[in-house]
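Take a look at the structure set out below.
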Amino acid sequence: MTSLLILLIQQGKPLQAGLLLGFSIHFKIYPIIYTPTILLALDKLYDISHFPRTEIKAYGDHRPKSFTGLLSYLNRSRILFSIGTALSFLTATSWMYSLYGQDYIQHAWTHHFSRLDHRHNFSPYHLTLYLSSALPQQSFTITKLAFVPQLLLVGAVIPLALIGKDLATTMFAQTFAFVAFNKVCTSQVLAHLFSHIWANVVSVLYVVLMFSTALFAYLTIFAFEKQGSNSPCIMDYRTGISCFVGMC
Amino acid sequence: MPSKQLQSSSWLWASTSRIIVASTLLRLILIIYGVYHDAHSPLKYTDVDYYVFTDAARFVHLKQSPYLRETYRYTPLLAWLLIPTAWPGMFSFGKVVFALGDVAAGWIMILVLRRRGMSAERSLKYSSIWLLNPMVQFSCCAV
Chain C
63 MTSLLILLIQ QGKPLQAGLL LGFSIHFKIY PIIYTPTILL ALDKLYDISH
113 FPRTEIKAYG DHRPKSFTGL LSYLNRSRIL FSIGTALSFL TATSWMYSLY
163 GQDYIQHAWT HHFSRLDHRH NFSPYHLTLY LSSALPQQSF TITKLAFVPQ
213 LLLVGAVIPL ALIGKDLATT MFAQTFAFVA FNKVCTSQVL AHLFSHIWAN
263 VVSVLYVVLM FSTALFAYLT IFAFEKQGSN SPCIMDYRTG ISCFVGMC
Chain V
94 MPSKQLQSSS WLWASTSRII VASTLLRLIL IIYGVYHDAH SPLKYTDVDY
144 YVFTDAARFV HLKQSPYLRE TYRYTPLLAW LLIPTAWPGM FSFGKVVFAL
194 GDVAAGWIMI LVLRRRGMSA ERSLKYSSIW LLNPMVQFSC CAV
């Protein structure tokens, strides 16, 4: 999907690229992170199919000075791309909704946003999620904040910081950050992550992230003690730490 | 002779079709191995998610909602795509579909790199990180 998306952008077909992206978002949700990146890349030069076809720098020469840059810069390819994305996403999603109704919304959408999975989880938040799952239902937990660094980084910081850089590289950076900062990271995802060319960089970064879980664990324990409960979870905490050391 | 050495070191990278065929064959072998392994071992080669997909496809095949399968949290289109897995003897059909998509992705990578002015041999080497990577193959063939 992603490779085809890059090819379509490369061939100067923003409408088709949009149609593909919209359908991909319907299918897997996460490709939505590529929307700002591609919108930024489809600049005025792209519009007149004047883009350097070099190895180092492919697309996106346009450097907006502020966030408004994107909005004040409506052009043909951006409009076509947006129409394509909206069209295919809405068509597929409303079609499925008309067939399966509330069941579809509940399972394919709501579930993914409210999911708290503390099993088979290799994410840096795994220990916090595991420990807090033992606590009675709380209105607010630190894990609810997990999406803040993730979405900020993936949806805004990386696309803006890498304007003018290669499109595929930017998308790789986004995907990587998305996985690294995700609340849920199954072993399958981890295997995929390690299988790539950056495997060595990834493993170093991963270990760093794993160590950051210790910090979250301490925060959770701190929350425990503040509640004044001598909780049965302390045992779990020790098991968790030994598992953690074992994984490293 | 240096020229002969050069030739022999680059035969794998000499043609796109060779890489595509090799990666397709490797995936097919893994899918067939998966069928054999699952029949003989209690520890399944096939991933749990694949059972979720195919169970949902079976519900759709019986004109029921895929969401009757617990933990099916995807678009019904996925279950539709996998309806053939509900037919007798076609359980691995979905794996073939995923593997072909996987190979297609690798092939598009070659096209993307070529369009950027990369030499044929270099683009084949880079895309082989995807196409011939055993980790990618295992995760696509077990799903």
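The listed protein sequences derive, respectively, from chains C and V. Taking this note's numbering, the leading residue of the first sequence gets 63, the next gets one more, and so forth. Taking this note's numbering, the leading residue of the second sequence gets 94, the next gets one more, and so forth. Virtual Cβ for every residue (Gly too), placed ideally from N, Cα, C.
First and last residue of the alpha helix (DSSP H) that includes residue 174 (chain V)? For the purposes of this step, residue 174 (chain V) is taken as the residue at position 81 of the second sequence. Unbroken alpha helix (DSSP H) run through residue 174 (chain V): 169 to 174.
Alpha carbon of residue 91 (chain C) to alpha carbon of residue 170 (chain V), nearest angstrom: Indexing the first sequence from 1 puts residue 91 (chain C) at position 29. Indexing the second sequence from 1 puts residue 170 (chain V) at position 77. Those two C-alpha atoms are separated by around 14 angstroms.
Answer yes or no: does any C-beta atom of chain V fall closer than 8 angstroms to that of residue 128 (chain C)? Along the first sequence, read from residue 1 onward, the residue named residue 128 (chain C) stands at position 66. Low per-residue confidence applies at residue 128 (chain C): pLDDT is 48, beneath 50, and the placement is therefore not dependable, though the value from the model is reported in the following sentence. No, its Cβ sits nowhere closer than 8 angstroms to a Cβ of chain V.
In chain order, what residues of the same chain have a beta carbon less than 7 angstroms from the beta carbon of residue 113 (chain V), not counting five sequence neighbours either side? By one-based count along the second sequence, residue 113 (chain V) stands at place 20. Within the same chain, residue 113 (chain V) has close Cβ partners 196, 200.
My output table needs one value for residue 164 (chain V): the three-state DSSP class, helix, strand or coil. Counted from its first residue, the second sequence places residue 164 (chain V) at position 71. Coil, per DSSP.
Identify, in the order they occur along the chain, each residue of the same chain with its Cβ nearer than 6 angstroms to the Cβ of residue 78 (chain C), setting aside the five sequence neighbours on each side. If you number the first sequence from 1, residue 78 (chain C) lands on position 16. Counting only Cβ-Cβ distances below 6 angstroms, and skipping sequence neighbours, we find 70.
Going along chain C, which residues have a C-beta under 9 angstroms from residue 168 (chain V)? Here residue 168 (chain V) is taken as the residue at index 75 of the second sequence, counted from 1. What residue 168 (chain V) touches in chain C: 88, 89, 90, 154, 155, 158, 166, 170.
Any contact of the region 146 to 162 of chain V with the region 112 to 129 of chain V, i.e. 3+ C-beta pairs under 8 angstroms? no
Would the beta-carbon of residue 99 (chain C) fall within 8 angstroms of that of residue 236 (chain C)? The residue you call residue 99 (chain C) lines up with position 37 of the first sequence. The residue you call residue 236 (chain C) lines up with position 174 of the first sequence. Contact flag set, yes.
Using a Cβ-Cβ distance under 8 angstroms, would residue 152 (chain V) count as near chain C? For the purposes of this step, residue 152 (chain V) is taken as the residue at position 59 of the second sequence. Not closer than 8 angstroms to any Cβ of chain C, the Cβ of residue 152 (chain V) fails to qualify, so no.
Within the same chain, show all residues whose beta-carbon is closer than 7 angstroms to that of residue 111 (chain V), passing over the 5 residues directly before and after it, in chain order. For the purposes of this step, residue 111 (chain V) is taken as residue 18 along the second sequence, with counting starting at 1. For residue 111 (chain V), where only same-chain residues beyond five positions count, the Cβ hits under 7 angstroms are 105.
Residue 72 (chain C) - containing alpha helix (DSSP H), residue span: Your numbering for residue 72 (chain C) matches position 10 in the first sequence. Start and end: 64 to 72.
Distance cutoff 8 angstroms, beta carbons only. Does residue 94 (chain C) sit that close to anything in chain V? Here residue 94 (chain C) corresponds to residue number 32 of the first sequence, with the count starting at 1. Cβ-Cβ to chain V under 8 angstroms: no for residue 94 (chain C).
Contact with chain C by residue 208 (chain V), beta-carbon distance below 8 angstroms: Along the second sequence, read from residue 1 onward, the residue named residue 208 (chain V) stands at position 115. Cβ-Cβ to chain C under 8 angstroms: yes for residue 208 (chain V).
Residue 130 (chain V) to residue 187 (chain V), Cα distance in whole Å? Translated into positions along the second sequence, residue 130 (chain V) becomes position 37. Translated into positions along the second sequence, residue 187 (chain V) becomes position 94. The alpha-carbon atoms of residue 130 (chain V) and residue 187 (chain V) are separated by roughly 17 angstroms.
Examine the Cβ distances between the region 80 to 94 of chain C and the region 175 to 186 of chain V and report whether three or more of them are shorter than 8 angstroms. no
What separation, rounded to the nearest whole angstrom, lies between the Cα atoms of residue 194 (chain V) and residue 219 (chain C)? Working through the second sequence from its first residue, we reach residue 194 (chain V) at position 101. Working through the first sequence from its first residue, we reach residue 219 (chain C) at position 157. Each residue's Cα considered, the two are about 31 angstroms apart.
Tell me which residues share the same chain as residue 153 (chain C) and place their Cβ nearer than 6 angstroms to its Cβ, disregarding the 5 neighbours each side in the sequence. In the first sequence, counting from the first residue as 1, residue 153 (chain C) sits at position 91. Closer than 6 angstroms at the Cβ level, and outside the excluded window around residue 153 (chain C), lies no residue.
Quick check: what's the CA-CA separation for residue 118 (chain C) versus residue 228 (chain C)? Here the question's residue 118 (chain C) lines up with position 56 in the first sequence. Here the question's residue 228 (chain C) lines up with position 166 in the first sequence. Note that residue 118 (chain C) scores 39 on pLDDT, short of 50, meaning its location in the model is unreliable; the coordinates nonetheless yield the value given after this. Answer to the nearest angstrom: the Cα atoms are 7 angstroms apart.
Cβ of residue 201 (chain V) less than 8 angstroms from any chain C Cβ? Mapped onto the second sequence, residue 201 (chain V) falls at position 108. Yes, contact with chain C.
For residue 118 (chain V) and residue 206 (chain V), I'd like the C-alpha separation in whole angstroms. Taking the second sequence and counting its residues from 1, the one referred to as residue 118 (chain V) is at position 25. Taking the second sequence and counting its residues from 1, the one referred to as residue 206 (chain V) is at position 113. Taking the straight line joining both Cα atoms gives about 23 angstroms.
Span of the alpha helix (DSSP H), counted from its first residue to its last, around residue 159 (chain V): Sequence index remark: in the second sequence, residue 159 (chain V) carries index 66 (1-based). Looking at the DSSP string, residue 159 (chain V) is not in any alpha helix (DSSP H), and its letter there is neither H nor E.
List the whole-angstrom C-beta distance separating residue 167 (chain V) from residue 223 (chain C), where the pair is believed to meet the contact cut-off of C-beta under 8 angstroms. Stepping through the second sequence from its first residue, residue 167 (chain V) is reached at position 74. Stepping through the first sequence from its first residue, residue 223 (chain C) is reached at position 161. The pair is not a contact, with the Cβ atoms about 32 angstroms apart (cut-off 8 angstroms).
Chain C beta carbons: is any one of them nearer than 8 angstroms to that of residue 158 (chain V)? Along the second sequence, one-based indexing puts residue 158 (chain V) at 65. Closer than 8 angstroms to some Cβ of chain C, the Cβ of residue 158 (chain V) qualifies, so yes.
Can you say whether residue 173 (chain C) is buried or exposed, counting buried as having 16 or more other CB atoms within 10 angstroms of its CB? Against the first sequence, residue 173 (chain C) aligns to sequence position 111. Exposed.
C-beta neighbour in chain V for residue 78 (chain C), strict 8 angstroms: Counted from its first residue, the first sequence places residue 78 (chain C) at position 16. Taking Cβ atoms only, chain V never reaches closer than 8 angstroms to residue 78 (chain C), which makes this a no.
Own chain residues within Cβ distance below 8 angstroms of residue 209 (chain C), not counting five before or after: Within the first sequence, the letter at position 147 stands for residue 209 (chain C). Hits under 8 angstroms: 245.
Roughly how many angstroms separate the alpha carbons of residue 165 (chain C) and residue 73 (chain C), rounded to a whole number? Against the first sequence, residue 165 (chain C) aligns to sequence position 103. Against the first sequence, residue 73 (chain C) aligns to sequence position 11. Their Cα atoms are separated by approximately 39 angstroms.
Any C-beta of chain V under 8 angstroms from that of residue 26 (chain C): In the structure displayed, chain C extends from 63 to 310; residue 26 (chain C) sits before or after that span and is not available.
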